[in-house]
Amino acid sequence: MNALETHSLTKRYGRKTAVDALALAVPEGSICAFLGPNGAGKTTTIQLLMNLLRADAGEAFVLGVPATHLSPREWAQIGYVSENQELPEGMNVAEFLAFCRPLYPTWDGDFEARLLKQFNLPLDRKLRHLSRGMKMKAALLSSLAYRPRLVVLDEPFSGLDPLVRDEFIRGLLELAGEGGWTLFISSHDIDEVERLADRVAILDEGTLRVNETAESLQARFRKVVINLPRAVPPIATPPPGWLHMETSGAHLQFIATDFKPGALEAEVRERLGAQAELTATPMTLREIYLAHARTFAMKEGK
Numbered sequence: 001m002n003a004l005e006t007h008s009l010t011k012r013y014g015r016k017t018a019v020d021a022l023a024l025a026v027p028e029g030s031i032c033a034f035l036g037p038n039g040a041g042k043t044t045t046i047q048l049l050m051n052l053l054r055a056d057a058g059e060a061f062v063l064g065v066p067a068t069h070l071s072p073r074e075w076a077q078i079g080y081v082s083e084n085q086e087l088p089e090g091m092n093v094a095e096f097l098a099f100c101r102p103l104y105p106t107w108d109g110d111f112e113a114r115l116l117k118q119f120n121l122p123l124d125r126k127l128r129h130l131s132r133g134m135k136m137k138a139a140l141l142s143s144l145a146y147r148p149r150l151v152v153l154d155e156p157f158s159g160l161d162p163l164v165r166d167e168f169i170r171g172l173l174e175l176a177g178e179g180g181w182t183l184f185i186s187s188h189d190i191d192e193v194e195r196l197a198d199r200v201a202i203l204d205e206g207t208l209r210v211n212e213t214a215e216s217l218q219a220r221f222r223k224v225v226i227n228l229p230r231a232v233p234p235i236a237t238p239p240p241g242w243l244h245m246e247t248s249g250a251h252l253q254f255i256a257t258d259f260k261p262g263a264l265e266a267e268v269r270e271r272l273g274a275q276a277e278l279t280a281t282p283m284t285l286r287e288i289y290l291a292h293a294r295t296f297a298m299k300e301g302k
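One point on numbering: in the working numbering, the residue at position 99 of the sequence shown is 99, and numbering is uninterrupted.
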């Protein structure tokens, strides 16, 4: 079963299409990094999934239920934290948690205590007097303590200092290690979520460009360097799977997007000769994301 699923989901603002026929699938139990530059449509997508916006076309499903028909039963299994989430600032942390507890039958007091200790939240401090990082921790704690099946985080690290960001990520890693949770984390910066993700979805200009496991994505991408005994001959039209090809004398490099060891070597030698020496290096998720971002920018003429 998919924890999140969309079919042709579309949202327009006037002439601008913010989300364009989105077909997204996030399996239960996965940790999905939802990536894309600022303005890609990530927040709009999440607001559609959380039934905070109405779609112009298509459907969204959350825990198997249409997003437009989520009942209290489903909401009790969903934790949602947004970048600028409003909290009752007149309450202190203890009052805020006391307010939240009765709302969720599955609230786990022991887990709450563990998160309080880990996040080092001051119980007697008014929420209005907390730093941005502390407010995000309070919001996250209140969304995790009832052990939801699905946790949706919209740009949770934006504006946080590196130390707080690291604490936040360590908390999520601990959560993920317990299993039985689905995490959907949007971000414009892969560095923040690379340690967490086992699945990657990349959005650009409202269009989903990638939606697969991190393992399969990394398996098919390679940084390729080719050395020849002579100057690289002109290649008028690079094969579709050769991105960002660059030549310098007898050296050629590109990014392979559909790497198959034997097949790539055969293709290179057919095009460049039997003496071509090929090195194919695995890429990090960050490198793959940046390669995609560069491709999108070139297509849009940015």
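Here a beta-carbon is modelled for each residue, glycine too, at the ideal position from N, C-alpha and C.
Model, not experiment: these values are computed from the prediction.
*Among the residues of its own chain, which have a CB less than 7 Å from the CB of T207, if the five just before and after it don't count?*
Residue numbering aside, residue 207 sits at position 207 when the sequence shown is read from its first letter. Only D20 meet the Cβ criterion.
*Just to confirm, are R54 and T44 a CB contact at a threshold of 9 Å?*
Indexing the sequence shown from 1 puts residue 54 at position 54. Indexing the sequence shown from 1 puts residue 44 at position 44. Between R54 and T44, the CB-CB gap reaches or exceeds 9 Å.
*Just confirm the distance between the C-beta atoms of G41 and L203, as a whole number of angstroms; I'd bet it's less than 8 Å.*
As a position in the sequence shown, residue 41 is number 41, starting the count at 1. As a position in the sequence shown, residue 203 is number 203, starting the count at 1. Distance from G41 to L203 at the Cβ level is roughly 5 Å; contact confirmed, criterion being Cβ atoms closer than 8 Å.
*CB-CB length for P148 against I78, believed under 8 Å*: On the sequence shown, position 148 is the one that residue 148 refers to. On the sequence shown, position 78 is the one that residue 78 refers to. Between P148 and I78 the beta-carbon gap is near 5 Å, inside 8 Å, which marks them as a contact.
*Should T237 be labelled buried (16 or more other beta-carbon atoms within 10 Å of its own) or exposed?*
By one-based count along the sequence shown, residue 237 stands at place 237. Taking all protein chains shown into account, T237 has fewer than 16 neighbouring C-beta atoms within 10 Å of its C-beta and is therefore exposed.
*If you draw a straight line from the C-alpha of F96 to the C-alpha of P88, how long is it?*
Taking the sequence shown and counting its residues from 1, the one referred to as residue 96 is at position 96. Taking the sequence shown and counting its residues from 1, the one referred to as residue 88 is at position 88. Roughly 7 Å between the two C-alpha positions.
*Based on the DSSP output, what are the partners of G79 in its beta bridges?*
As a first step, residue 79 must be located in the sequence shown, where it is residue number 79. Under the DSSP definition of a beta bridge, G79 partners with V151.
*Exposed or buried, which one is T182 when buried takes at least 16 other CB atoms within 10 Å?*
In the sequence shown, residue 182 corresponds to position 182, counting from 1. Classification for T182: buried.
_Within 8 Å, do at least three Cβ pairs link the region 283-291 to the region 260-267?_
By the Cβ criterion, the region 260-267 is not in contact with the region 283-291, since fewer than three pairs of Cβ atoms, one from each stretch, lie closer than 8 Å.
_Pop quiz: N2 and V26 are said to be a contact at Cβ under 8 Å. What is the actual Cβ separation, rounded to whole angstroms?_
Reading the sequence shown from its first residue, position 2 is the one you call residue 2. Reading the sequence shown from its first residue, position 26 is the one you call residue 26. With a Cβ gap of about 6 Å, N2 and V26 count as contacting.
*Just checking my contact of T106 with Y80 at CB under 8 Å: how many whole Å lie between their CB atoms?*
Within the sequence shown, residue 106 is the residue found at index 106, counting from 1. Within the sequence shown, residue 80 is the residue found at index 80, counting from 1. About 16 Å separates the two Cβ atoms, so there is no contact after all.
*Is it true that the CB of K137 sits closer than 9 Å to the CB of L121?*
Start at 1 with the first residue of the sequence shown, and residue 121 comes out as number 121. Start at 1 with the first residue of the sequence shown, and residue 137 comes out as number 137. The criterion of a C-beta distance shorter than 9 Å is satisfied by L121 and K137.
*Where does E192 fall in DSSP's three states?*
Against the sequence shown, residue 192 aligns to sequence position 192. Residue state, collapsed to three classes: helix.
*Would you decide whether T279 is buried or exposed? Buried here means 16 or more other CB atoms lie within 10 Å of its CB.*
Taking the sequence shown and counting its residues from 1, one reaches residue 279 at position 279. Its Cβ having fewer than 16 others within 10 Å, T279 is exposed.
*So who's on the other strand from N92, going by DSSP bridges?*
Taking the first residue of the sequence shown as 1, we reach residue 92 at position 92. Its beta-bridge partners are K126.
*asked:* Contact between the region 57-77 and the region 225-237 is defined here as three or more beta-carbon pairs at a separation below 8 Å; is this criterion met?
replied: No, they do not touch.
_Identity of the residues DSSP links to L183 by a beta bridge_ = Reading the sequence shown from its first residue, position 183 is the one you call residue 183. DSSP, once it has assigned bridges, lists I31 and V151 as partnering L183.
*Do you know how far the Cα of E5 is from the Cα of L65?*
On the sequence shown, residue 65 is found 65 positions in, with the first residue counted as 1. On the sequence shown, residue 5 is found 5 positions in, with the first residue counted as 1. The residue you asked about is not Leu; residue 65 is Val in the sequence shown. Taking C-alpha positions only, V65 is separated from E5 by approximately 10 Å.
*Alpha carbon to alpha carbon, how far is L243 from D258?*
Position 243 of the sequence shown, counting from 1, holds the residue named residue 243. Position 258 of the sequence shown, counting from 1, holds the residue named residue 258. Using only the alpha carbons, I get a separation of about 10 Å.
_Can you tell me whether L48 is buried or exposed? The criterion is at least 16 other CB atoms within 10 Å of its CB, across all chains shown._
Residue numbering aside, residue 48 sits at position 48 when the sequence shown is read from its first letter. So L48 ends up on the buried side.
*Would you check whether the ligand NAD has a heavy atom nearer than 8 Å to the C-beta of R128?*
Questions concerning the ligand NAD fall outside what the structure shown contains, since it holds no ligand whatsoever.
*Please determine, among D189, M134 and R271, the residue with the shortest C-alpha to C-alpha distance to L293.*
On the sequence shown, position 293 is the one that residue 293 refers to. Note that residue 293 corresponds to Ala in the displayed sequence, not to Leu. A293 has its Cα closest to that of D189, out of D189, M134 and R271.
*Return the residue from the list L173, G273, P261 and I46 that minimises the CA-CA distance to L144.*
As a first step, residue 144 is located in the sequence shown; it is residue number 144 there, counting from the start. Nearest to L144 by alpha-carbon distance, out of L173, G273, P261 and I46, is L173.
*Leaving out five residues before and five after P37 in sequence, what residues of the same chain have Cβ atoms less than 6 Å from its Cβ?*
Working through the sequence shown from its first residue, we reach residue 37 at position 37. Around P37: H188.
*Where does E86 sit, in a helix, a strand or coil, going by DSSP?*
The count along the sequence shown starts at 1 and reaches residue 86 at position 86. Under the three-state reduction of DSSP output, E86 falls in the coil class, being neither helix nor strand.
_Give the list of continuous beta strand (DSSP E) stretches no shorter than 3 residues that lie fully inside the region 211-238._
DSSP runs (the beta strand (DSSP E)) wholly in the region 211-238: 222-227.
*Opposing strand residues paired with A25 [DSSP bridges]*: For the purposes of this step, residue 25 is taken as the residue at position 25 of the sequence shown. Under DSSP, A25 shares a beta bridge with E5.
_Assigned secondary structure, Y13 (DSSP; H/G/I helix, E/B strand, else coil)_ = Residue numbering aside, residue 13 sits at position 13 when the sequence shown is read from its first letter. DSSP places Y13 in strand when its eight states are reduced to three.
_For M91, which residues in the same chain have their Cβ closer than 8 Å to its Cβ, ignoring the five residues on either side in sequence?_
Against the sequence shown, residue 91 aligns to sequence position 91. Excluding sequence neighbours, M91 sits near F99, K126 and L127.
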